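The listed protein sequences correspond, in order, to chains L and V. Okay, so the first sequence: first residue is 1 according to the working numbering, each after it adds one. Okay, so the second sequence: first residue is 1001 according to the working numbering, each after it adds one. Positions of the beta carbon are idealized from the N, C-alpha and C atoms, including for glycine. All values reported here derive from a predicted model rather than from experimental measurement. Some notes on the structure that comes next.
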Amino acid sequence: MNIKPKILVVDDKPENLVAIARVLKDLDIELIKATSGNEALKATLHHNFALALLDIQMPDMDGYELAGILREEEKTHDLPFIFISAVYTDNLNVFKGYEKGAFSFLTKPIQASILINRVKFFIEKHQQEIEIYNKNQELQAINEELESFSYSISHDLRAPLRALSAYSKMLEEDFLPVLNDEGKRLLSNIQYNAKKMGNLVDDLLAFSKLGRQDLKKSKVDVQQMVEHILHDLEQSFPHHARIKINAMTPALADHSLLYQVWFNLISNAIKYSSKKDKPEVEIGYFSDNDGGITYYVKDNGAGFKMKYKNKLFGVFQRLHSPKEFEGTGIGLAIVQKIINKHGGKVWCEAEEEKGAIFYFNL
Amino acid sequence: MIEDSESDAEIVLRALKKANITNTVKQLMDGEEALDYFFGNQEGLGQNILLYPKLIFIDLKMPKVNGLEVIKKLKTNEETRLIPVVVLTSSKEHKDIIEAYKLGVNSYVVKSADYERFSKLVVDTASYWLLINHPPEYE
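Okay, here's the thing in structure tokens:
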């Protein structure tokens, strides 16, 4: 973008405006002049300013009042100011909203070099902000593209997959009697893998949908949520783990997404401890020194080597074979994505054959 | 049946046959063929309402003319708008569902990736529209 940054200069005396324009003439900027607060407000309707230079002593509306109004307006609430005052004052109280944004003071008579430096500083800052904004827009667009790509991929993969599973089933229905044992084994391997791929595609679809979902935060009763999940899990896959729930504290989170986090972490803990003689799972939280809440799920199961901990949260990354423990490797990727969306963090500690603890905050 | 995937068409036909639903099935491979069949004059049924089907299964994502365009034609034409139209698609996208309903489809069924479940969906849907539902009669 090669648009010159625009600067608003407000002073009730035209000769002062001319003087400031002369000082700033070598800068690559566009000056918009106003001789009153009202004129300045009008100018903000037509222009996007990088900086405003405001005279303080003006009739009708003084510089502080003008700045206060500009801070209230959505379009200008980030606009930095340089106040130009005949007398030095540190009485900031008169400027409502001073705490909301950047500003600076200069006293008359203005020294040219100081004014130029200040203006340059704010212009640079403004340009950096624009750059960051543009980069963010770009990233967001790329992200959206990526998400819709993975969505359509997983969609289009379903059709041939359905054909694969259908034809192998038809083969079984029509020709099973003439197949020998080896033929049957090969056929069942085809079916097993088609089913597995179906699960992968479903998981990928769920994962990509997650990226497009908006957060709806509310106060969540974590205790109730965890109990609910344990009840659900007992119905869907019976286990013999001893589960200890410590008293839980509520969280501010998206209800259904947080449910998924807890569900994945708890079902993992149950799954990976299921081969122990006495599987144990503990669920709880603790407060950090600064009042932050960290939740955890601990098990005494298979664990893993800590050197692999970075692989744990990748999509379809697994540290155990499907023979040892079933799964596609999407669960923790989903957990991490949800927690990142909340602005939180998830991490873990583990030891092979001793167990694992997963921690997260929101 | 307006369906561009031969394998999906085969699954549908097989499922109907196995369930002893013996109605004749006319298979059209894409939206263009469907428009020709219903509204063209050269071949197919043209304007002969006696040959209108009792039920239309239609896929959404098809080459040349997609399912939604065909549905729009079928549902705005005075003659064909009475034919029950069932969307049979793998799309669960909200916008597809809304659009199809806005155009006046009679049912929206999502194809299952699982063969057995898919077959059952087809049979259940066909049985409902052919055996349970009472359609208006052309005069």
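Just the C-alpha distance for V/S1005 and L/V261, rounded to the nearest angstrom, thanks. Position 5 of the second sequence, counted from the start, is the residue given in the question as residue 1005 of chain V. Position 261 of the first sequence, counted from the start, is the residue given in the question as residue 261 of chain L. In this structure, the CA atom of V/S1005 is about 38 Å from the CA atom of L/V261.
Report task. Evaluate L/V297 with the Cβ neighbour count: other Cβ atoms within 10 Å of its Cβ, from every protein chain shown; 16 or more gives buried, anything less gives exposed. Result -> Position 297 of the first sequence, counted from the start, is the residue given in the question as residue 297 of chain L. L/V297 comes out buried.
Inset, instruction - Measure from the alpha carbon of V/Y1108 to the alpha carbon of each residue in V/L1035, V/K1072 and V/I1058, then state which is nearest. - result: Residue mapping note: residue 1108 of chain V aligns to position 108 of the second sequence, counting from 1. Distances from the CA of V/Y1108 to each of V/L1035, V/K1072 and V/I1058 were compared; the closest alpha carbon is that of V/I1058.
Beta-bridge partners of L/F103, as assigned by DSSP | Locating residue 103 of chain L in the first sequence gives position 103, counting from the first residue. Bridge partners of L/F103: L/F81.
ask   = Can you tell which of V/Y1101, V/I1071, V/S1007 and V/L1013 has its C-alpha closest to the C-alpha of V/A1034?
value = Residue numbering aside, residue 1034 of chain V sits at position 34 when the second sequence is read from its first letter. Scanning V/Y1101, V/I1071, V/S1007 and V/L1013 for the CA closest to the CA of V/A1034 turns up V/I1071.
Kindly list the residues whose CB is nearer than 7 Å to the CB of V/K1092, restricted to its own chain and excluding five residues on each side of it in sequence; keep chain order. For the purposes of this step, residue 1092 of chain V is identified with residue 92 of the second sequence, where counting begins at 1. Cβ-Cβ distances below 7 Å link V/K1092 to V1110 in the same chain, with the five nearest sequence neighbours on each side left out; the list follows chain order.
Review point. Mind pulling the alpha helix (DSSP H) runs of 4 or more residues that sit fully within the stretch 34–82 of chain L?
Key: The stretch 34–82 of chain L contains, as complete alpha helix (DSSP H) runs of 4+ residues, the segments 37–46 and 63–72 (chain order).
Short CB-CB distance (under 7 Å) between L/A159 and chain V: Working through the first sequence from its first residue, we reach residue 159 of chain L at position 159. Yes, L/A159 lies at the interface with chain V (some Cβ there is under 7 Å from its Cβ).
Next on the checklist: For a test of the three-state rule: what should DSSP assign to V/T1030, helix, strand or coil?
Outcome noted: Residue mapping note: residue 1030 of chain V aligns to position 30 of the second sequence, counting from 1. Position check: residue 1030 of chain V holds Asp in this sequence, whereas Thr was assumed. Note: V/D1030 maps to coil in three-state DSSP.
Would you tell me roughly how many angstroms separate the C-alpha atoms of L/A163 and L/N199, rounded to the nearest one?
Within the first sequence, the letter at position 163 stands for residue 163 of chain L. Within the first sequence, the letter at position 199 stands for residue 199 of chain L. Roughly 15 Å between the two C-alpha positions.
**Asked** What are the start and end residues of the alpha helix (DSSP H) that includes V/S1091?
**Response** Translated into the one-based positions of the second sequence, residue 1091 of chain V becomes position 91. Careful: V/S1091 lies outside any alpha helix (DSSP H) and carries neither H nor E.
Suppose the cutoff is 7 Å on Cβ atoms and the five residues either side in sequence are ignored; what does the same chain contact list for L/D12 look like? Counting from 1 along the first sequence, the entry for residue 12 of chain L is found at position 12. Excluding positions up to five away in sequence, the list reads T35, S36, D55, M58 and P59.
Of the residues L/F325, L/L146, L/I32 and L/A194, which one's Cα is nearest the Cα of L/S168? What you label residue 168 of chain L is simply residue 168 of the first sequence in a count that begins at 1. Nearest C-alpha to L/S168 among L/F325, L/L146, L/I32 and L/A194: L/A194.
Over what stretch of residues does the alpha helix (DSSP H) that includes V/D1008 continue unbroken?
-> Taking the first residue of the second sequence as position 1, residue 1008 of chain V is located at position 8. For V/D1008, the enclosing alpha helix (DSSP H) begins and ends at E1006 to K1018.
Give every residue of the same chain whose Cβ lies closer than 7 Å to the Cβ of V/L1103, excluding the five residues on either side of it in the sequence, and list them in chain order. In the second sequence, the residue the question calls residue 1103 of chain V occupies position 103. If we look at V/L1103 and ignore the five residues flanking it on each side, its Cβ neighbours are L1068, I1071, K1072 and K1075.
Taking the straight line between their C-alpha atoms, what separation do you get for L/T76 and L/A333? To locate residue 76 of chain L, count along the first sequence from 1; it is residue 76. To locate residue 333 of chain L, count along the first sequence from 1; it is residue 333. Roughly 40 Å between the two C-alpha positions.
Name the two residues that bound the continuous alpha helix (DSSP H) containing V/L1121.
-> The residue given as residue 1121 of chain V occupies position 121 in the second sequence. From DSSP, the alpha helix (DSSP H) with V/L1121 extends over Y1115 to S1127.
Query raised in the report: What number of angstroms, rounded off, separates the C-alpha of L/Y272 from the C-alpha of V/I1098?
Result: If you number the first sequence from 1, residue 272 of chain L lands on position 272. If you number the second sequence from 1, residue 1098 of chain V lands on position 98. C-alpha separation (whole angstroms): 42 Å.
Ordered along the chain, which non-local residues of its own chain (more than five positions away) have a Cβ less than 8 Å from that of V/S1127?
Position 127 of the second sequence holds residue 1127 of chain V. Only A1019 and I1021 meet the Cβ criterion.
### Task
Pair every Cβ in the stretch 174–185 of chain L with every Cβ in the stretch 211–218 of chain L, then say whether three or more of these pairs are closer than 8 Å.
The stretch 211–218 of chain L and the stretch 174–185 of chain L do not touch, with fewer than three beta-carbon pairs separated by less than 8 Å.
Specify, as a first and last residue, the run of the beta strand (DSSP E) that L/I243 falls within.
Counted from its first residue, the first sequence places residue 243 of chain L at position 243. For L/I243, the enclosing beta strand (DSSP E) begins and ends at R242 to I245.
- Message: Could you pull the DSSP bridge partners for L/K345 from this structure?
- Response: In the first sequence, residue 345 of chain L corresponds to position 345, counting from 1. Within the DSSP secondary-structure output, L/K345 pairs in a beta bridge with L/N361.
Residues near L/M1 in its chain [Cβ-Cβ closer than 6 Å; skip 5 each side]: As a working mapping, residue 1 of chain L is identified with position 1 in the first sequence. Low confidence applies to L/M1: its pLDDT is 48, below 50, so where it sits in the model is not reliable, and the reading given next is rough at best. Correct list: empty, nothing qualifies.
I'd like to confirm the pairing. Which residues does DSSP put opposite L/G363 in its beta bridges?
Chain L is shown from 1 up to 362; residue 363 of chain L falls before or after that span and cannot be answered.
ask   = Listed from N- to C-terminal order along the chain, which residues in the stretch 1111–1123 of chain V have their beta-carbon within a distance smaller than 9 Å of any beta-carbon of chain L?
value = Interface annotation for the stretch 1111–1123 of chain V against chain L: K1111, S1112, A1113, D1114, Y1115, E1116, F1118 and S1119, criterion Cβ-Cβ distance under 9 Å.
**Item:** Counted within 10 angstroms of its Cβ, other Cβ atoms place V/S1090 as buried (16 or more) or exposed
**Value:** For the purposes of this step, residue 1090 of chain V is taken as residue 90 along the second sequence, with counting starting at 1. The residue in question, V/S1090, is buried, as its Cβ has 16 or more Cβ neighbours within 10 Å.
Next item on the list: Evaluate contact between the stretch 36–53 of chain L and the stretch 145–153 of chain L, counting only Cβ atoms and requiring at least three cross-stretch pairs below 8 Å.
Entry: Taking 8 Å as the limit for Cβ pairs, the verdict is that the stretch 145–153 of chain L does not touch the stretch 36–53 of chain L.
**Prompt:** From the beta carbon of V/I1021, is the nearest beta carbon of chain L less than 7 Å away?
**Reply:** Here residue 1021 of chain V is taken as the residue at index 21 of the second sequence, counted from 1. No, its Cβ sits nowhere closer than 7 Å to a Cβ of chain L.
Interface partners of L/G198 on chain V, CB under 8 Å: In the first sequence, the residue the question calls residue 198 of chain L occupies position 198. Within chain V, the residues near L/G198 are A1113 and D1114.
Grouping DSSP H, G and I as helix and E and B as strand, with all else coil, what is V/I1002? Residue mapping note: residue 1002 of chain V aligns to position 2 of the second sequence, counting from 1. Shown here, V/I1002 sits in a strand according to DSSP, grouped into three states.
Original post:
By DSSP, does L/Y175 sit in helix, in strand, or in coil?
Top reply: In the first sequence, residue 175 of chain L corresponds to position 175, counting from 1. The residue you asked about is not Tyr; residue 175 of chain L is Phe in the sequence shown. Looking at L/F175 - three-state DSSP - the assignment turns out to be helix.
(Q) For chain L, check one thing: does any of its Cβ atoms lie closer than 7 Å to the Cβ of V/L1058? (A) Locating residue 1058 of chain V in the second sequence gives position 58, where the first residue counts as 1. The sequence given here places Ile at residue 1058 of chain V; Leu does not occur at that position. False, the Cβ-Cβ gap to chain L never drops below 7 Å.
*Whole-number beta carbon distance between L/F360 and L/Y295, since they are thought to touch under 8 Å*: One-based indexing of the first sequence puts residue 295 of chain L at position 295. One-based indexing of the first sequence puts residue 360 of chain L at position 360. The Cβ separation is near 6 Å, so the contact holds.
Report task. Would you verify that the beta carbon of L/R162 is, or is not, closer than 7 Å to some beta carbon of chain V? Result -> For the purposes of this step, residue 162 of chain L is identified with residue 162 of the first sequence, where counting begins at 1. L/R162 counts as touching chain V.
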